[in-house]
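Each number in the working numbering corresponds to the 1-based position in the sequence shown with 54 added. See below for the structure under consideration.
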Amino acid sequence: ADLSTHEEMHDRIVKKGGIKTLMRLLTNSRDVEAQRFAALAVANTSSSELHRSEIAKQEDALMNLVDYVRGGDADPVGRRYCAMAIGNLAAEPENHESIVKLGAIDALIMLLKRGASEQDLESGRYAAFAISNLAANANHRGQIVDEGAIEPLVVLACAEDLLLQRRSLAALRGICINPRYRTAVVQHGILDPLVLMARSDNADLLREVAAALNCLSSVADNKEEISDRAISTIIALLLSGDSEVERHACCTVANLVEMIEIHPRFLEERGLPPLIAMSVSEDLNCKGEASRAIANLAANAEIQDVLLGEGALDPMVDALEKDELNCQRFAALCIANMATTMKSQIQVVQAGAIHPLVSIVINNNIQLEPRRYAALALANLAATSANHPAILDAGALEALFCLSNSPDTMSQYYVSCALANFGSNVQNHKRIVEEGGIQPIITLSYSSDPDIHQQAAAALRGLSVSDDIKVKVVQEGALEPLSRLLLSSDLDILREVTACFCNLSQSEENKFEIAKCGVVPPLITHMQSEDMFIASQ
């Protein structure tokens with residue numbers, strides 16, 4: 055046992071048959087101390103990554119360790135050391151199946167419950183350690199939960215022993231990799247010990263706490279309870295000074311504020327200033343998660359003034375220009391959410407968001423999601439005609455035409471919304487045509503999505519107001535998709551399409567082409583529509 059504390063001796067112990075000898079002592083000796091030291095030596099030797107597989111494959115080694123842990127009358131210290139050995143061997147994933155087949159989970163949870171019920175903290179510590187390694191395997195989490203591990207792990211997480219707290223939390227986190235068990239862990243009372251542990255100065259423990267809160271807050275059923283009982287703790291973790299803790303805390307906040315009901319509580323607890331401080335972090339992962347949280351808050355129009363007043367916009371514009379996926383996509387989403395009101399739009403434009411948004415939309419090397427949200431932001435800004443010159447001068451049309459070729463339906467929809475908004479302004483028509491905008495709009499009108507149909511038809515309707523563009527719209531092939539859309543049962547689509555035909559038919563050059571494309575019968579049918587606008591057009 056003494057030699058096994060020296061890692062350089064492990065190879066010799068294994069190769070000289072030491073494990074077999076130690077197992078014989080563990081199972082045959084009547085000397086309790088011999089059993090203890092044999093188990094300790096195996097546990098120490100098993101800590102070496104090089105020998106875990108070899109030890110597990112030795113005849114009856116795993117079975118002897120599991121049987122000793124299971125033995126209720128066995129020496130308590132020996133049981134702990136055997137549990138430690140199993141935990142070390144379970145650090146090697148290829149050993150998991152063999153360990154579990156021998157009934158190790160049941161044996162370890164018996165020891166875990168003893169630790170929780172009898173305040174045998176060391177037994178609880180070693181059992182929790184072994185369970186945490188086994189819980190890393192998705193195939194065994196269900197059995198660990200079914201055997202009743204959650205409740206004793208929560209009890210042990212409340213202990214004052216720092217190492218026991220960490221190991222219990224690690225085991226619970228392993229279990230909670232499966233979302234099915236996250237609600238049960240909260241119901242068994244994990245939040246109170248987490249709040250207490252968050253007061254520690256130990257960085258490793260704080261990382262475990264923050265990671266656990268992050269994991270648990272991802273489940274909708276847990277959000278309100280976590281907010282009610284731990285929101286101030288989570289906000290404090292935002293200011294911990296440790297980048298890993300702060301990142302998990304940002305992610306937890308982002309998860310929680312997906313529920314609009316939590317927004318008032320978060321603001322009451324003064325969570326916004328530290329969150330905005332995280333949004334200017336040099337750690338891009340932390341900045342990205344803070345951007346996600348602010349984007350979720352910005353979806354609530356009632357608190358957009360608060361966000362703008364606290365200075366949330368400038369960090370989002372800065373995040374757009376970072377070469378990091380979460381920074382770009384959530385900053386773009388945040389700006390898209392903010393750009394839904396006139397007051398916010400003015401500040402978005404003044405903050406210089408348009409150029410970086412256009413740069414994201416046009417860049418094919420950027421992943422699709424940031425481009426999609428940036429297109430949404432431009433579409434929302436384009437809802438106000440006063441913003442059109444600034445957006446178009448930044449090269450938005452070329453960027454939108456580029457993204458319109460994407461197979462992504464939502465990207466096509468946001469592009470079509472933006473083009474419909476630009477098309478509603480006669481002053482933009484010449485520019486749209488000169489930059490080749492008619493063909494992308496016609497292509498969008500062939501989409502299989504009815505929402506895209508409506509917006510593309512609206513864009514063509516807007517362009518067809520200009521006399522010098524009416525003929526060009528027909529010449530470039532708009533009649534075929536428009537005539538197909540006349541067969542739609544969607545009233546919104548029909549309003550746009552019939553109005554577009556009404557505009558196009560005012561041109562003498564178009565009349566024959568329109569009549570020839572077969573739209574007269576459906577137009578006669580729509581003259582009888584109950585919708586007065588459709589009938590009039």
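Every residue, glycine too, gets a C-beta built ideally from N, C-alpha and C.
Per-residue DSSP class, three states only, for Asp-505: helix
Asn-187 - DSSP class collapsed to helix/strand/coil: helix
Inter-residue Cα distance where the pair is Ala-266 and Ala-203: 17 Å
C-alpha distance - Leu-291 paired with Ala-553, whole-angstrom precision: 57 Å
Buried versus exposed call for Tyr-122 [16 or more other C-beta atoms within 10 Å across all chains shown]: buried
Alpha-carbon to alpha-carbon, Met-138 and Ala-453: 60 Å
Length-filtered (4 minimum) alpha helix (DSSP H) runs lying within the segment 455–529: 463–477, 483–488, 492–499, 504–517, 521–529
Short Cβ contact (8 Å threshold) for Glu-323 with Ser-297: no
DSSP-derived helix/strand/coil call for Ser-58: helix
Buried versus exposed call for Ser-502 [16 or more other C-beta atoms within 10 Å across all chains shown]: exposed
For Glu-356, the three-state DSSP class (helix, strand or coil): helix
Among Ala-513, Gly-572, Asp-522, the one whose alpha carbon lies nearest that of Ile-551: Per the sequence shown, residue 551 should be read as Val rather than Ile. Selected option, being the one with the closest Cα: Ala-513.
Proximal residues to Ala-436 (C-beta, below 7 Å), its chain only, five neighbours per side dropped: His-442, Ile-445, Ala-472, Asn-475, Phe-476
Ser-345 to Asp-377 span [Cα, whole Å]: 14 Å
Other residues of its chain near Ser-100: CB distance less than 7 Å, five sequence neighbours each side excluded: Arg-106, Ile-109, Ala-139, Asn-142, Leu-143
Close beta carbons around Ser-520, own chain, < 7 Å, minus the five adjacent residues each side: Val-480, His-483
For Ile-408, the nearest candidate out of Ile-389, Asn-276, Leu-558 (CA to CA): Ile-389
Asp-200 classed as buried or exposed, judged by whether at least 16 other C-beta atoms fall within 10 angstroms: exposed
Start-to-end residues for the alpha helix (DSSP H) that takes in Leu-545: 545–558
Proximity of Val-120 and Arg-90 at Cβ, strictly below 8 Å: no
Beta carbon of Ala-349 nearer than 8 Å to that of Phe-320: no
Cβ separation of Ile-496 and Pro-535, assumed to be a contact under 8 Å, to the nearest whole Å: 6 Å
Unbroken stretches of the alpha helix (DSSP H), 4 residues or longer, contained in the segment 189–221: 195–200, 204–211
Reduced DSSP category for His-242 - H, G, I as helix; E, B as strand; rest coil: coil
Contact belief for Glu-262 with Leu-223 at Cβ below 8 Å, rounded distance in angstroms: 4 Å
Heavy atom of the ligand NAD within 7 Å of Lys-397 beta-carbon: As presented, the structure is devoid of all ligands, the ligand NAD included, so that no description of it is given.
Under the three-state DSSP convention, the category Gly-449 falls into: coil
Alpha carbon of Leu-207 to alpha carbon of Leu-218, nearest angstrom: 10 Å
Test item: CB-CB of Pro-504 and Ile-547 under 8 Å: yes
Same chain, Cβ closer than 8 Å to Leu-226, neighbours up to 5 away in sequence not counted: Ile-204, Leu-207, Val-208, Ala-211, Val-239, Ile-244, Ala-266
Closest Cα partner of Leu-533 within the set Ala-511, Ser-460, Asp-522: Ala-511
DSSP-derived helix/strand/coil call for Ala-88: helix
Whole-number beta carbon distance between Leu-374 and Leu-411, since they are thought to touch under 8 Å: 7 Å
Residue from Glu-567, Met-77, Ala-448 whose Cα sits closest to the Cα of Ala-92: Met-77
Where Lys-70 falls: helix, strand or coil (DSSP): coil
Ranges of the alpha helix (DSSP H) found wholly within the segment 80–142, counting only runs of at least 4: 86–100, 106–111, 115–124
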